[in-house]
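In our numbering, the protein residues as written are 28 to 112. Ideal Cβ positions, reconstructed from N, Cα and C, are used throughout, including at glycine. First comes the structure, then the notes that go with it.
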C-alpha cells in the first residue's frame, strides 16, 4: 500500500506516512474533520484519496478503516457546510 500511495500519479495530497498518521489520529475520534484539516485543506480531495486507497487495499483492516474514515468525513463535512449556510 505504501508504494501505491507514494507512487500514485497524480500525487495524492498525503504521502504514505501522513496517511498512516491521519488514520491513527482519527481512530476513535468523534471530530475527524478538525483532525483531517491539519493534514489537508481540501477535504473532498482527501475523501477521494481515501476511497481510491480503499479500492486498492487488499488488507481487510485497511478497507474497514478507509470506509469508516470516509463516511465520518463525508457526514461531518456535510454537517459543517449545512451549519454555515
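Contact check, residue i vs residue j, beta carbons under 7 Å
i, j, result
"residue 62", "residue 78", "no"
"residue 67", "residue 40", "yes"
"residue 60", "residue 103", "yes"
"residue 100", "residue 80", "no"
"residue 43", "residue 58", "no"
Cut-off 6 Å between Cβ atoms - residues of its own chain near residue i, not counting five sequence neighbours on either side
i, result
"residue 72", "40"
Sequence-distant residues of the same chain with beta carbon closer than 8 Å to residue i, five excluded per side
i, result
"residue 109", "none"
Close Cβ partners of residue i (< 7 Å) along its chain, the five nearest in sequence each way excluded
i, result
"residue 96", "50, 53, 59, 77"
"residue 94", "81"
Length-filtered (4 minimum) alpha helix (DSSP H) runs lying within the segment 59-85: Secondary structure within the segment 59-85: the alpha helix (DSSP H) runs of 4 or more consecutive residues, fully enclosed, are 59-63, 70-83 (chain order).
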